[in-house]
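Input: a single structure, listed below in structure tokens.
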Amino acid sequence: MEKTPVIALAGNPNSGKTTLFNLLTKSGEATGNRAGVTFASKSAKLRYGKHKAEITDLPGTYSLMPYGGEEQAAEKFIKSGNADIVIDVADATNLPRSLFLATELAELQPKTILALNMMDEAARDGITIDVKNLSEKLGIPVIAISAAKNSGINELLSAAMNIKPANINYSFQNGRERNSFCEALAKEVTHGETQKESFSDRVDRIICKKYIGIPLFFIIVFLMFAITFSGPVKQLSELLVAFFDKLSEIVSEHLGNTNIPATLVGLIADGLLKGIGSVLSFLPQTAALFFILEMLEDTGYMARAAYVSDGLLRFAGLSGKAFIPFLLGFGCTVPAVMSTETLERSERKTVIYSLPFIPCSARLPVFTLIIGTFFPKRPAISAFLIYLLGVITAYISALIYTKSKPDRTAPPLTVELPKYRLPQIKNLIVAMKTKLLAFISRAGTVVLLCSAVMYMLCSFDLHFRFTVEPSESLMAKAGGFIAPLLSPIGLGDWRIASALLSGFFAKETIVSSLSVMCPAGLSSLIGVPEAAALCVFVLLYSPCAATVAAAKRELGKANSALYIIRCLAFAFCEAFLARTFFRALGIFM
2 MEKTPVIALA GNPNSGKTTL FNLLTKSGEA TGNRAGVTFA SKSAKLRYGK HKAEITDLPG
62 TYSLMPYGGE EQAAEKFIKS GNADIVIDVA DATNLPRSLF LATELAELQP KTILALNMMD
122 EAARDGITID VKNLSEKLGI PVIAISAAKN SGINELLSAA MNIKPANINY SFQNGRERNS
182 FCEALAKEVT HGETQKESFS DRVDRIICKK YIGIPLFFII VFLMFAITFS GPVKQLSELL
242 VAFFDKLSEI VSEHLGNTNI PATLVGLIAD GLLKGIGSVL SFLPQTAALF FILEMLEDTG
302 YMARAAYVSD GLLRFAGLSG KAFIPFLLGF GCTVPAVMST ETLERSERKT VIYSLPFIPC
362 SARLPVFTLI IGTFFPKRPA ISAFLIYLLG VITAYISALI YTKSKPDRTA PPLTVELPKY
422 RLPQIKNLIV AMKTKLLAFI SRAGTVVLLC SAVMYMLCSF DLHFRFTVEP SESLMAKAGG
482 FIAPLLSPIG LGDWRIASAL LSGFFAKETI VSSLSVMCPA GLSSLIGVPE AAALCVFVLL
542 YSPCAATVAA AKRELGKANS ALYIIRCLAF AFCEAFLART FFRALGIFM
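Just add 1 to wherever you are in the sequence shown, counting from 1, and you've got our numbering.
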């Protein structure tokens, strides 16, 4: 049986490898206009005519003498001999830098192809490259492509499937000789000049100044929340709330006229439909947040945000590179924890301990529910302050951990600032769709299951008899054990305690649990000071089970409990302060 060839996509960071990978395999892997988007290898199947292959997208690396963790992963895969063919994806707008890795790969792997990506951008900058001459000098096939424009892809695949091995040896004595060769070759095959100062350079001279860059970042974040929590997005969410309420009512009425037991009718209408509907009603806000974050990343702005944050993060013992895991944390904490593999070991634990305080998208439905119920007149500023508190707490956490290790210093920051690009709507929609499907999948599994369990626990007493009095139910008794611990912050009701307990498995279940256990609404249980405390507590308390499992691989079993206790300590203290502040505010107003 013929072996399926393995094709490795290698290249410098931000050279467009993952864009090409998605195009070839019809995948939806995350892309972005910054270095370090791919921090672990990913594989998928490829069909081209009668040919089959397995494509592996490797993390970006500048050479086979790696510096960071993701670069080591790429080097290990290539040197292991697992790849039958290597396609080196190079940035045509920065050929001298790209050729260094290309020469290393050509010497190591007999079947190496150089894919000159972003040729459309090079042409826009007035650059032309003599592809034939470049191929002759390197001794390997060179194909001009544009992954973003789907140009040159057939030629690339044809070259890959029909490539003949070539034994290349450039006889370089050291890296300096290799670099000199690459610069001379790039100069020989490249014609035309770019402007002395590009548009990106002119913009960066302004926004990369710390006194402008940091305030600008907070303005952009505030505008993001203004869009997410108000206007058409909010109205669409309200329509979904009304839709699911009406659907639950219709289903309850229809099933009530049949011979189906009342318990089962209640489970379907008031448990499952209301539970899952309460989470899916916030789909518009989640979609808006994902879309804006993807847009900011595609423009190249997020790399600048990492750069301007370096000074602040350095004071907490971190480099600007730590900004990327924190950024990923706004989507989901699990991949954010996994992405810390790209950091220096000295800052990895600091970031992992601080990541749970960054509000992930699973908390968004909870914040939306509380803001819509108790702070409807100022949704944008309320959301901005919640997220700002999470960021400040994460920073304080990092600061405390760093100061406990006095010999620690932040590693130096080397960050590549990519060119600004207009985001491609198609890519934004694909990226948003991928994340939304994951969100909906969780709603259809974890949230659905939790809603069913919560409804059943609220429907039966200690003797497993059906009860119409929730305070006598199994859930009330279980929540009653935890509720006294939450009384100092005003959250001593068993229903809130039970909902928070369910949030350990998935934060979205807090909303579905409350909708099942408290059909009259959250305002029937607590006032504004307690709502503020609940918001802060949900923001900071225990990370979900999946995050704890991901963190355990780096922290170890012994520190996993400390990981949760640390979060709970921050949550209790800050929730208590929030409630005290709002109670005092109520007295003076």
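Where is the CB? At the ideal position from N, CA and C, for every residue including glycine.
Here the structure is a predicted model, which means the values were calculated and not measured.
Reducing DSSP to helix, strand and coil, say where G12 ends up.
The residue labelled residue 12 in the question sits at position 11 within the sequence shown. G12: strand per DSSP, three-state reduction.
Per-residue burial, D494 [other beta carbons within 10 Å of its own, 16 or more giving buried]:
The residue labelled residue 494 in the question sits at position 493 within the sequence shown. With 16 or more other Cβ atoms within 10 Å, it is buried.
Collapsed DSSP secondary structure at A54 in the structure displayed:
On the sequence shown, residue 54 is found 53 positions in, with the first residue counted as 1. Correct three-state label for A54: strand.
Drop a sphere of 10 angstroms on the beta-carbon of V469, count the other beta-carbons inside from all chains shown, and report buried for 16 or more, exposed for fewer.
By one-based count along the sequence shown, residue 469 stands at place 468. Exposed, because fewer than 16 other Cβ atoms sit within 10 Å of the Cβ of V469.
Expected contact under 8 Å - CB spacing of A384 and F230 to nearest Å:
Your numbering for residue 384 matches position 383 in the sequence shown. Your numbering for residue 230 matches position 229 in the sequence shown. The beta-carbon separation of A384 and F230, rounded to 5 Å, stays under the 8 Å limit for a contact.
Would you grab the beta carbon distance between P166 and K112 for me? Rounded to a whole angstrom, and I think it's under 8 Å.
Counting from one through the sequence shown, the residue named residue 166 turns up at place 165. Counting from one through the sequence shown, the residue named residue 112 turns up at place 111. Indeed, because the Cβ distance is near 5 Å, the residues count as touching under 8 Å.
Compute the Euclidean distance between the alpha carbons of G318 and I293, then round it to the nearest angstrom.
As a position in the sequence shown, residue 318 is number 317, starting the count at 1. As a position in the sequence shown, residue 293 is number 292, starting the count at 1. Going from the Cα of G318 to the Cα of I293 covers about 29 Å.
Report the three-state DSSP secondary structure of S340 (helix, strand or coil).
By 1-based counting over the sequence shown, the position of residue 340 is 339. If DSSP states are grouped into helix, strand and coil, S340 belongs with the helices.
Take A304 as the anchor and find which of A288, F291, K322, Y354 has the nearest alpha-carbon.
Your numbering for residue 304 matches position 303 in the sequence shown. Of A288, F291, K322, Y354, the residue nearest in Cα terms is K322.
Can you give the Cα-Cα distance for A500 and T369, rounded to whole angstroms?
Position 499 of the sequence shown, counting from 1, holds the residue named residue 500. Position 368 of the sequence shown, counting from 1, holds the residue named residue 369. Using only the alpha carbons, I get a separation of about 16 Å.
Tell me which same chain residues have a C-beta within less than 7 Å of the C-beta of S452, skipping the five on either side of it?
Counting from 1 along the sequence shown, the entry for residue 452 is found at position 451. If we look at S452 and ignore the five residues flanking it on each side, its Cβ neighbours are G272, L273, G276, I277, S513, V517.
V90 - containing beta strand (DSSP E), residue span
Position 89 of the sequence shown, counted from the start, is the residue given in the question as residue 90. Run containing V90: 86-92, per the beta strand (DSSP E) assignment.
Buried versus exposed, by CB contacts within 10 Å (16 or more), F589:
Within the sequence shown, the letter at position 588 stands for residue 589. Low local confidence applies: a pLDDT of 47 at F589 is under 50, so the model's placement there is unreliable, with the coordinate-based value given in what follows. Result: exposed.
Please classify K80: is it buried, with 16 or more other beta-carbons within 10 angstroms of its beta-carbon, or exposed?
Residue numbering aside, residue 80 sits at position 79 when the sequence shown is read from its first letter. Per the 10 Å Cβ criterion, exposed.
Between the segment 421-432 and the segment 395-403, can you find at least three pairs of beta-carbon atoms closer than 8 Å?
no
By alpha-carbon positions, which one of A160, S503, K508, D121 ends up nearest to A148?
Mapped onto the sequence shown, residue 148 falls at position 147. Ranking A160, S503, K508, D121 by Cα distance to A148 puts D121 first.
Once you ignore the five residues that flank A187 on each side, which residues in its own chain have a CB closer than 8 Å to its CB?
For this step, residue 187 is matched to residue 186 along the sequence shown. A distance below 8 Å between beta-carbons, with the five flanking residues on each side excluded, links A187 to the following residues of its chain, in chain order: L96, P97, L100.
Are three or more beta carbon pairs between the segment 323-334 and the segment 359-374 nearer than 8 Å?
yes
Opening and closing residue of the alpha helix (DSSP H) in which R349 lies
Position 348 of the sequence shown holds residue 349. R349 -> alpha helix (DSSP H) spans 346-355.
The alpha helix (DSSP H) spanning I208 covers which residue range?
On the sequence shown, residue 208 is found 207 positions in, with the first residue counted as 1. Element bounds for I208: 200-208.
Excluding sequence positions up to five away, which residues of its chain have a Cβ less than 8 Å from the Cβ of T26?
Indexing the sequence shown from 1 puts residue 26 at position 25. The residues are A45, K46, L47, I56.
So I565 and A534 are in contact, right, with Cβ under 8 Å, and what is the actual spacing, rounded?
Position 564 of the sequence shown, counted from the first residue, corresponds to residue 565. Position 533 of the sequence shown, counted from the first residue, corresponds to residue 534. Not really, about 19 Å apart at Cβ, beyond 8 Å.
Does the Cβ of E189 have 16 or more other Cβ atoms within 10 Å, making it buried, or fewer, making it exposed?
Within the sequence shown, the letter at position 188 stands for residue 189. E189 should be labelled exposed.
Whether N134 touches D92 by CB criterion (8 Å):
To locate residue 134, count along the sequence shown from 1; it is residue 133. To locate residue 92, count along the sequence shown from 1; it is residue 91. No.
For my contact list, L475 and F461 are in at a C-beta cut-off of 8 Å; report their separation, rounded to the angstrom.
Counted from its first residue, the sequence shown places residue 475 at position 474. Counted from its first residue, the sequence shown places residue 461 at position 460. Yes, L475 and F461 are in contact; Cβ-Cβ is about 6 Å, under 8 Å.
What number of angstroms, rounded off, separates the C-alpha of R349 from the C-alpha of L502?
In the sequence shown, the residue the question calls residue 349 occupies position 348. In the sequence shown, the residue the question calls residue 502 occupies position 501. In a straight line, the C-alpha of R349 is about 29 Å away from that of L502.
Candidates F375, L284, E239, D205, of which the one nearest A302 by Cα:
Numbered from its first residue, the sequence shown carries residue 302 at position 301. For the sequence presented, residue 302 should be read as Tyr rather than Ala. Of the listed residues, the one whose Cα sits closest to Y302 is D205.
The segment 157-166 touching the segment 128-147, judged by at least three CB pairs closer than 8 Å
yes
Cβ separation of V309 and P326, assumed to be a contact under 8 Å, to the nearest whole Å
Taking the sequence shown and counting its residues from 1, the one referred to as residue 309 is at position 308. Taking the sequence shown and counting its residues from 1, the one referred to as residue 326 is at position 325. The pair is not a contact, with the Cβ atoms about 17 Å apart (cut-off 8 Å).
Pull up the distance between the alpha-carbon of T343 and that of Q73, whole angstroms please.
Along the sequence shown, read from residue 1 onward, the residue named residue 343 stands at position 342. Along the sequence shown, read from residue 1 onward, the residue named residue 73 stands at position 72. If you take the alpha carbons of T343 and Q73, they lie about 9 Å apart.
Beta-carbon proximity list for C536, same chain, < 7 Å, skipping 5 on both sides
Within the sequence shown, residue 536 is the residue found at index 535, counting from 1. Residues F368, I371, I387 of the same chain have their beta carbon placed closer than 7 Å to that of C536, with the five preceding and five following residues left out of the count.
So, at 7 Å on beta carbons, what are the nonlocal neighbours of G193 in its own chain, with the 5 sequence-adjacent residues on each side left out?
For the purposes of this step, residue 193 is taken as residue 192 along the sequence shown, with counting starting at 1. Only G127, I128, T129 meet the Cβ criterion.
Look at the Cβ atom of L21, then the Cβ atom of V90, and state whether they are nearer than 8 Å.
Position 20 of the sequence shown, counted from the first residue, corresponds to residue 21. Position 89 of the sequence shown, counted from the first residue, corresponds to residue 90. Contact flag set, yes.
Using beta-carbon positions only, say whether S253 and V234 come within less than 8 Å of one another.
Residue numbering aside, residue 253 sits at position 252 when the sequence shown is read from its first letter. Residue numbering aside, residue 234 sits at position 233 when the sequence shown is read from its first letter. The answer is no: Cβ separation not under 8 Å.
How is Y49 classed by DSSP in three states: helix, strand or coil?
Here the question's residue 49 lines up with position 48 in the sequence shown. If DSSP states are grouped into helix, strand and coil, Y49 belongs with the strands.
Which of helix, strand or coil does DSSP assign to H464?
Position 463 of the sequence shown, counting from 1, holds the residue named residue 464. Correct three-state label for H464: coil.
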